[in-house]
Amino acid sequence: MYQEERMIQIVDYLKLHKRISVDDICEIFNVSRDTARRDLVKLEEHQKIIRTRGGALLPSLHHDSLRSYNERLLTLSKEKQVIGQLAASMIRNKDRIILDSSTTVQACAEKLNVQECSVITNSINQADVLSGKDGVSIHLLGGRLQKEHRYVYGSSVIATLSHYFVDKAFIGVGGITDHGLSVIYEEDGMLMHQMMKQADQVIVLADHSKFGRNFPYRFAGLSEVNIVITDRLPDPDMLELLQRHDIEVIVPS
157 MYQEERMIQI VDYLKLHKRI SVDDICEIFN VSRDTARRDL VKLEEHQKII
207 RTRGGALLPS LHHDSLRSYN ERLLTLSKEK QVIGQLAASM IRNKDRIILD
257 SSTTVQACAE KLNVQECSVI TNSINQADVL SGKDGVSIHL LGGRLQKEHR
307 YVYGSSVIAT LSHYFVDKAF IGVGGITDHG LSVIYEEDGM LMHQMMKQAD
357 QVIVLADHSK FGRNFPYRFA GLSEVNIVIT DRLPDPDMLE LLQRHDIEVI
407 VPS
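Residue 373 in our numbering is what sits at position 217 of the sequence shown, and the numbering runs on without skipping anything.
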């Protein structure tokens with residue numbers, strides 16, 4: 157069977173089953189793992205699939221995660237501003253903090269108002285926003301640039317992060333469930349988990365749409381979170397779950 161024929165059948169399989177693994181491709185088409193991976197790479201280049209750890213899924217499952225940074229800034233923008241204001245109010249003078257590259261965390265950067273603060277970030281946007289604030293010292297991590305979403309990532313970023321310790325880490329997420337925190341790409345999750353490990357206090361910023369959503373890569377458990385800041389309380393089951401893990405949930409008063 158030619159690669160083009162397999163690619164069509166892989167997409168047809170995804171339409172029925174939503175996900176496919178490399179092992180599935182090997183079994184269905186009797187091909188090697190290298191061949192299966194090459195098929196997925198080609199499909200991703202044609203924007204037919206989203207590659208995940210060990211397989212793929214259809215873009216429609218997580219369409220909002222594929223939008224550009226600027227497009228995502230406009231989604232639930234009022235809610236993000238509310239969350240950002242609450243998050244910024246938790247930052248004290250002379251705090252050392254980490255800000256990840258999420259659009260909700262950018263709202264925190266925009267609202268930051270302290271006389272002195274040290275910030276570590278992998279986000280070009282966060283660094284740009286903070287560069288106009290007096291008293292804020294910025295350490296922009298170096299690594300491979302993700303152009304569309306304007307952040308750096310990779311093993312060099314994780315290695316550099318491991319040498320820093322901060323008071324607070326502000327983390328955005330793709331989804332929050334009983335399984336923990338998840339995002340679509342493994343590289344993002346590995347970096348965000350390292351950020352969490354370097355902080356005395358982990359603060360997750362998540363609008364109400366993130367609760368109950370489960371993305372392909374789980375990067376942290378709920379036991380690793382101290383505070384969740386959101387725009388409105390989650391449903392009773394989710395709230396009970398968070399409280400069971402001693403997570404403080406903060407919403408607008």
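Quick reminder that beta carbons are idealized off the backbone N, C-alpha and C, glycines included.
Test item: CB-CB of residue i and residue j under 9 Å
i: I332; j: G368; result: yes
i: L253; j: L199; result: According to the sequence shown, residue 253 is Ile rather than Leu. It is not a contact, given that the beta carbons lie outside the stated cut-off.
i: K174; j: L214; result: yes
i: F326; j: C273; result: no
i: F371; j: S338; result: yes
i: V322; j: A376; result: no
i: A212; j: I184; result: no
i: G336; j: L286; result: no
i: V261; j: S279; result: yes
i: I247; j: L268; result: yes
i: D179; j: R189; result: yes
i: T316; j: G288; result: no
i: S257; j: R300; result: no
i: E342; j: R209; result: yes
Residues near residue i by beta carbon distance below 7 Å, same chain, minus five either side
i: L296; result: T277, A283
i: V414; result: Examination of residue 414 is not possible in this model, given that the chain is present from 157 through 409 alone.
i: I239; result: T260, A263, L361, D363, I385, T386, D387
i: L217; result: The predicted position of L217 is uncertain, since its pLDDT is 47 and thus under 50; no value can be drawn from it.
i: M163; result: D195, K198, L199
Sequence-distant residues of its chain with Cβ nearer than 6 Å to residue i (five each side left out)
i: H401; result: L378, S379
i: L196; result: R207, A212
i: Q412; result: Residue 412 is absent from the structure shown; the chain starts at 157 and stops at 409.
i: H219; result: Here H219 scores only 46 on pLDDT, less than 50, and its place in the model should not be relied on; the value that follows carries that caveat. For H219, where only same-chain residues beyond five positions count, there are no Cβ hits under 6 Å.
i: I403; result: V381, V384
i: P408; result: V238
i: A244; result: C264, K267, L268
i: D168; result: none
Spatial neighbours of residue i in its chain, beta-carbon cut-off 8 Å, leaving aside the 5 residues before and after
i: Q302; result: V308, Y309
i: L222; result: For L222, the predicted model reports a pLDDT of 47, less than 50, meaning its position is unreliable and no value from the coordinates is stated.
i: Q203; result: P215
For residue j and residue i, believed in contact at Cβ under 8 Å, the rounded distance
i: L255; j: V270; result: Rounded, the Cβ-Cβ distance is 13 Å, inconsistent with contact.
i: L397; j: V405; result: Actually they do not touch by this definition, with Cβ atoms about 11 Å apart.
i: N382; j: Q350; result: N382 to Q350, Cβ: 17 Å. No contact.
i: G345; j: Y373; result: 4 Å
i: G330; j: I340; result: 6 Å
Pair every Cβ in the stretch 386-396 with every Cβ in the stretch 355-367, then say whether three or more of these pairs are closer than 8 Å.
yes
If we require 3 or more residues per run, which beta strand (DSSP E) segments fall completely within the stretch 302-381?
307-309, 322-328, 331-333, 336-339, 355-361, 373-376
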